[in-house]
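I have placed the structure first, in the form of structure tokens, so that the comments after it can refer back to it.
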Amino acid sequence: MLYLGPDKTDNTKQNNTSADWQQFYQQQAAIVKHPLLQQFYSKGMIAASTPISRVPLVAIDFETTGLSAADNGIVSIGLVPFNLQRIFSSHARQWLLKPRFALTDNSVTVHRITHSEVSNAPDLSTVLPDLLPLLAGKVAVVHYRQIERNFLAASVKVRLGESILFPVIDTLELEARLHRARPLSWWDKLCRRQQVSIRLDASRSRYQLPPYRPHHAVTDAIASAELLQAQLSHRYSPDTPVSELWC
Amino acid sequence: MEIEQIEILEFLKRHPPFQELPAEQLKQVALSIDIGYFKAGSEILRFNEPLHALHLIRSGAVETYRRNGDLYNRMSEGGFFGEQGLLRGAKVRFPATALEDTLIYFIPDETFQQLFDENEFFADYVQVGDSERRKTSKAGSQARADLLGATVSTLLSREPVTIGSDASVWQAAQLMTEQHVSSLLILDTEQHLAGIITDKDIRSRLVAPGLKSEIPVTDIMSANPVTIEQQQYIFEAMMLMLRHNLHHLPVLKRQQAVGVIAISDIIRFESQSSLYVVSRIFRQQTVDELQALVPDVHACFVRMVNEDANSQMIGSAMAAIGRSFKQRLLELAEAELGPPPVPYCFLALGSMARDEQLVLTDQDNALILDNRFDPKLHDDYFKQLANFVSDGLAACGYTYCTGKIMATNPQWRQPLQVWQQYFQNWISQPSAERLLHSSIFFDLDGVWGQIQWAEQLQQLVSNLAQKHPLFLASMTRNALSRTPPLGFFKDFVMEQDGKQNNILNIKRRGTAPFVDLIRIHALAIGSTESNSFSRLQQIIAAELLPKGRGEDLRDAFEVIAMTRIRHQAAALSNGEEPDNNVLPEQLSEFERKHLKEAFQVLSNAQKFLKFHFKA
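Heads up: the protein sequence lines correspond to chains A and B, in order. Residue numbers for the first sequence follow the numbering used here, beginning at 12 and rising by one. Residue numbers for the second sequence follow the numbering used here, beginning at 135 and rising by one.
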């Protein structure tokens, strides 16, 4: 996935580490009207102080027809539950979807998902009753949060009339914290020093994780889950409160 | 929709034993796998903890340990661990630590057990420490050639033609003509086999000396002939015929003759058989002609390997060929130098004497002379004889012995009584040099002349050695100076102390220490056998080792010996000079795994030896 630079249009409620998602879920459970969303929020969220070793996680990856959620749709969703010790790939799920917007030839090449496969696929609305319970109560893990969070919010809004928002740990952001703490200095530029790549594959290779063929939703989800396990075991204590990681 | 674990599946397809599984089953395995990341240095498994999954290394490297903290194994991508624990009570037996940042695929116990029960190859590959698997591993596939897998009974096409021991040669010859056979069995009054005659016997023992055909057939028969049981393997028949230079071999079933197999029956199986090479050796008239047979010897070696012969078949076939070269050279030498002034016995030593010869071998030999030997009068003859044979052998690919263990060395060209004194001194007052001599000369075989002298020396060693614990202890200390490596890691040889080497000398680190170890046990029980497998059989029968250990040793020795043999056959096939240096990258995962286990057996046996002989 591309890193598009510092985010300017993040529509999340806030972007700092003091987020109290537990409280937010409680509020939403009372406000939302659609039963699917009510179920989702009433499952609750862990406290911000919970150590990461006790947090139920779910890695998700969307393959989309393009980068902007406003005029592109989701082609497939991959999902894998995990925690600090184990990635439950045996419980991974994947859906192929018919996007609201046409599949471009370019995205066909990228995802290797064809027009005919997509035309037989269901709409997201039929998948939501399966998908949302798998996300409920868990902290989502993605590599570059704008895609999954924005696409799901936009898509759910269209189908259910209300939007959805949940805490996310962004493995790309965790890499950026380490490698983009400061911009390149004039000296670095003079030396033709390159920015360290924080793309999924490049990040994984720094932790000796094997290269995977990209743009397959389940594989990308597993790849992010592995990356987070690696990041946490190298740089964070198991007792780190989740508030330091999510946003 | 149905989910596909593309990456997991592709990984499994690249690694044994998973790659051998049917596609549908492999897909299910891929779907059952969970994953975990372990930073370098972190603990993966702790001793005696409950174990729920087979651990397959997706990337990185892992070390496993014994309970006492000794390194047990080091593995990289594609390696797996935890199988022993799963097969024995679902508890961790060998704790594991990540050596590098490591990604592990967890195959749940349930999936593992199902594969283990349903798939024989998988079970064979995974099951560790079970001698059954080391056995199957040495061939890796079914013996293809009938010659190696079939029993003698399959060669029998007709009832044997027999005659009573009261018959005359004339009656015998008539019967042979009637029945169109080239050999005839002679039965005694109780219908037991008494002897055999052949066309050649009639020609050379009756016609040539000018005897009358009315004489009893028993006068010219070969009495008490070498025989074989009908359920024995054809290769065993072949070995017997090679060993005794026979053209006809009576076959018995419960002491009754049920047929005869002729050399032609076996040669029909394959024209490049060792029997064929041996028969050609005896037809050559000069050293140059003998030398021209060397490519045939190599072809025969490669062919046996390709046909999945075991190390015993190959070792004894090559020894038989080597012995035949010596015998023919001695015949040619005597023809040139005239008959010997006093009787002598030509000895083969080392691998040829043990029937464990390969293509790459030097000539270890010696001469036992009659006690009437007088150096001033006779040594000139024997010196020339020794030189003729030694040079001839060198021409035929058996290089000169760098340690000068050859009959050309006056020290090793001595009367029987001197040899007896040598052996007594070596055993009663062992020194470093004498121990070295013991390990070479105590594997001896008489190949020509007064071979009973060789047997006398063997008997002497067998009587003396077991009465000299100090000698056995010294031999043990010597034998323990060469240890096997721990196993393999990536493209390196792993040593016991964690060091890594690029090359494995399979002889120095494998077969040689094995042979040494077996020899000491054999000496301790007074065995007069030379072949390592025959020695092991006696050691097992003597119950010297804990139950099952002897069988483990036999299988492990076979694995190591075959690795060496295959390595040399591959070199010959590629037109390269064969050697003993195995590069780890030339070994398959399968071979590495079995070699590692075989080294483990050797290492444990060395510890037992050290303890047992108080070295």
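Idealized CB from N, CA, C, for every residue including glycine. All values derive from a computational prediction rather than experimental measurement.
> Is the distance from the Cβ of B/G219 to the Cβ of B/R227 below 8 angstroms?
Replying inline: The residue you call residue 219 of chain B lines up with position 85 of the second sequence. The residue you call residue 227 of chain B lines up with position 93 of the second sequence. Taking 8 angstroms as the Cβ cut-off, B/G219 and B/R227 qualify as a contacting pair.
>> If you measure between the beta carbons of B/V436 and B/P712, is that distance less than 8 angstroms?
In response: Taking the first residue of the second sequence as 1, we reach residue 436 of chain B at position 302. Taking the first residue of the second sequence as 1, we reach residue 712 of chain B at position 578. No. Outside cutoff.
> Mind checking B/H571: buried by the 16 CB within 10 Å criterion, or exposed?
Replying inline: Numbered from its first residue, the second sequence carries residue 571 of chain B at position 437. So B/H571 ends up on the buried side.
> Closest to B/L638 by CA distance: which of B/K517, B/F733, B/L594 is it?
Replying inline: The residue given as residue 638 of chain B occupies position 504 in the second sequence. Closest option to B/L638, Cα to Cα, is B/F733.
> Residue ranges of each alpha helix (DSSP H) run of no fewer than 4 residues wholly in the region 585-645 of chain B, ordered along the chain?
Replying inline: Every alpha helix (DSSP H) stretch that sits fully inside the region 585-645 of chain B and reaches 4 residues is listed by chain position as 585-599, 603-613.
> What residues in the region 141-154 of chain B bring their beta carbon closer than 9 angstroms to a beta carbon of chain A?
Replying inline: The region 141-154 of chain B vs chain A, Cβ under 9 angstroms: E141, I142, E144, F145.
> Helix, strand or coil: how does DSSP classify B/R457 here?
Replying inline: Here the question's residue 457 of chain B lines up with position 323 in the second sequence. Helix.
>> Tell me the rounded alpha-carbon separation between B/L578 and B/L483.
In response: Within the second sequence, the letter at position 444 stands for residue 578 of chain B. Within the second sequence, the letter at position 349 stands for residue 483 of chain B. Each residue's alpha carbon lies about 5 angstroms from the other.
>> So B/L165 contacts chain A; which residues on that side make the cut at Cβ distance below 9 angstroms?
In response: The residue labelled residue 165 of chain B in the question sits at position 31 within the second sequence. Residues of chain A passing the Cβ test: S100, S101, A103.
> What residues from chain A crowd round B/G170, counting only those whose CB sits closer than 8 angstroms?
Replying inline: The residue you call residue 170 of chain B lines up with position 36 of the second sequence. Per Cβ cutoff of 8 angstroms: Q96, R97, I98, Q240.
> What's the gap between the Cα of B/P151 and the Cα of B/G216?
Replying inline: Residue numbering aside, residue 151 of chain B sits at position 17 when the second sequence is read from its first letter. Residue numbering aside, residue 216 of chain B sits at position 82 when the second sequence is read from its first letter. The alpha-carbon atoms of B/P151 and B/G216 are separated by roughly 15 angstroms.
>> Please return the same chain residues whose Cβ sits closer than 8 angstroms to the Cβ of B/R726, not counting the five positions on each side in sequence.
In response: Here residue 726 of chain B refers to the residue found at position 592 of the second sequence. So the qualifying residues of the chain are G621, F622, P718.
> If you draw a straight line from the C-alpha of B/F250 to the C-alpha of B/Y259, how long is it?
Replying inline: By one-based count along the second sequence, residue 250 of chain B stands at place 116. By one-based count along the second sequence, residue 259 of chain B stands at place 125. Just so you know, the alpha carbons of B/F250 and B/Y259 end up roughly 9 angstroms apart.
> Which residues, in chain order, does the region 192-206 of chain B contribute to contact with chain A at a C-beta distance below 7 angstroms?
Replying inline: Correct list: R192, S193, G194.
> Among all the DSSP beta bridges, which residues are the ones paired with A/Q105?
Replying inline: To locate residue 105 of chain A, count along the first sequence from 1; it is residue 94. Residue pairing by DSSP places A/Q105 opposite A/G89 in a beta bridge.
> Short check: CB of A/A232 to CB of A/V91, under 8 angstroms?
Replying inline: Within the first sequence, numbered from 1, the residue matching residue 232 of chain A stands at position 221. Within the first sequence, numbered from 1, the residue matching residue 91 of chain A stands at position 80. Between A/A232 and A/V91, the CB-CB gap stays under 8 angstroms.
> Can you name the residues of chain B whose CB is closer than 8 angstroms to the CB of A/R224?
Replying inline: Numbered from 1 along the first sequence, position 213 holds the residue referred to as residue 224 of chain A. By Cβ distance, chain B contributes I140, E141.
> Given that a residue counts as buried once 16 or more other Cβ atoms are within 10 Å of its Cβ, and exposed if not, what is A/K44?
Replying inline: Walking along the first sequence from the start, residue 44 of chain A turns up at place 33. Under a 10 Å Cβ-count criterion, A/K44 is classified as exposed, with fewer than 16 other Cβ atoms of the shown protein chains found around its own Cβ.
> Counting only beta-carbon atoms, is B/E677 nearer than 8 angstroms to chain A?
Replying inline: Stepping through the second sequence from its first residue, residue 677 of chain B is reached at position 543. Not closer than 8 angstroms to any Cβ of chain A, the Cβ of B/E677 fails to qualify, so no.
> Should the region 590-604 of chain B be called in touch with the region 163-179 of chain B, which here means at least 3 C-beta pairs below 8 angstroms?
Replying inline: Remark: fewer than three beta-carbon pairs, one from each stretch, lie closer than 8 angstroms, so the region 590-604 of chain B and the region 163-179 of chain B are not flagged as touching.
>> Using only the alpha-carbon positions, how far apart do B/L386 and B/E244 sit?
In response: Stepping through the second sequence from its first residue, residue 386 of chain B is reached at position 252. Stepping through the second sequence from its first residue, residue 244 of chain B is reached at position 110. The alpha-carbon separation between B/L386 and B/E244 amounts to approximately 52 angstroms.
>> What would DSSP say about B/E468, mapped onto helix, strand or coil?
In response: Against the second sequence, residue 468 of chain B aligns to sequence position 334. Reduced to three states, the DSSP call for B/E468 is helix.
> Name the DSSP beta bridge partners of B/W582, please?
Replying inline: Start at 1 with the first residue of the second sequence, and residue 582 of chain B comes out as number 448. Looking at the DSSP assignment, B/W582 forms a beta bridge with B/F480.
>> What I want to know is whether the C-beta of B/D204 ends up closer than 7 angstroms to one or more non-hydrogen atoms of the ligand HEM.
In response: Absent from the structure shown: the ligand HEM. Ligands present: none.
> Between B/V351 and B/V303, is the Cβ-Cβ spacing less than 8 angstroms?
Replying inline: Taking the first residue of the second sequence as 1, we reach residue 351 of chain B at position 217. Taking the first residue of the second sequence as 1, we reach residue 303 of chain B at position 169. B/V303 is positioned such that its CB atom lies closer than 8 angstroms to that of B/V351.
>> With a threshold of 7 angstroms on Cβ separation, who are the neighbours of B/F255 within its own chain once the five nearest residues in sequence on each side are excluded?
In response: Position 121 of the second sequence, counted from the first residue, corresponds to residue 255 of chain B. The beta carbon of B/F255 is closer than 7 angstroms to those of P151, E154 in its chain, skipping five residues each way along the sequence.
> Is the shortest distance between the beta-carbon of B/K624 and the beta-carbons of chain A less than 8 angstroms?
Replying inline: Taking the first residue of the second sequence as position 1, residue 624 of chain B is located at position 490. Cβ-Cβ to chain A under 8 angstroms: no for B/K624.
>> Please state whether the Cβ-Cβ distance between B/A230 and B/L185 is less than 8 angstroms.
In response: Within the second sequence, numbered from 1, the residue matching residue 230 of chain B stands at position 96. Within the second sequence, numbered from 1, the residue matching residue 185 of chain B stands at position 51. Not in contact: B/A230 and B/L185 (Cβ atoms no closer than 8 angstroms).
> If you draw a straight line from the C-alpha of A/H245 to the C-alpha of B/E692, how long is it?
Replying inline: As a first step, residue 245 of chain A is located in the first sequence; it is residue number 234 there, counting from the start. As a first step, residue 692 of chain B is located in the second sequence; it is residue number 558 there, counting from the start. Their Cα atoms are separated by approximately 46 angstroms.
>> Are the CB atoms of B/L143 and A/L220 within a distance shorter than 8 angstroms?
In response: Within the first sequence, residue 220 of chain A is the residue found at index 209, counting from 1. Within the second sequence, residue 143 of chain B is the residue found at index 9, counting from 1. Result no, Cβ atoms of A/L220 and B/L143 do not sit closer than 8 angstroms.
>> Can you give me the C-alpha to C-alpha distance between A/I85 and A/P133, rounded to a whole angstrom?
In response: Residue 85 of chain A sits at position 74 when you count from the first residue of the first sequence. Residue 133 of chain A sits at position 122 when you count from the first residue of the first sequence. About 11 angstroms.
> Nearest to A/P249 by CA position, among A/N94, A/V138, A/F35, is which residue?
Replying inline: Residue numbering aside, residue 249 of chain A sits at position 238 when the first sequence is read from its first letter. Nearest option by C-alpha distance: A/N94.
>> Is there a Cβ of chain A sitting closer than 8 angstroms to that of B/I137, yes or no?
In response: Locating residue 137 of chain B in the second sequence gives position 3, counting from the first residue. With 8 angstroms as the cut-off, B/I137 counts as an interface residue toward chain A.
> When DSSP labels each residue in this structure, what does B/E348 get in the three-state scheme?
Replying inline: Taking the first residue of the second sequence as position 1, residue 348 of chain B is located at position 214. In the three-state DSSP reduction, B/E348 falls in the coil class, being neither helix nor strand.
> In chain B, which residues lie less than 7 angstroms from A/Q38 when you measure between Cβ atoms?
Replying inline: By one-based count along the first sequence, residue 38 of chain A stands at place 27. The contacting residues do not exist; A/Q38 stays about 35 angstroms from chain B at best.
>> Give me, in chain order, the residues of the same chain whose beta-carbon lies closer than 6 angstroms to that of B/L657; leave out the 5 immediate sequence neighbours on both sides.
In response: Reading the second sequence from its first residue, position 523 is the one you call residue 657 of chain B. Closer than 6 angstroms at the Cβ level, and outside the excluded window around B/L657, lie A599.
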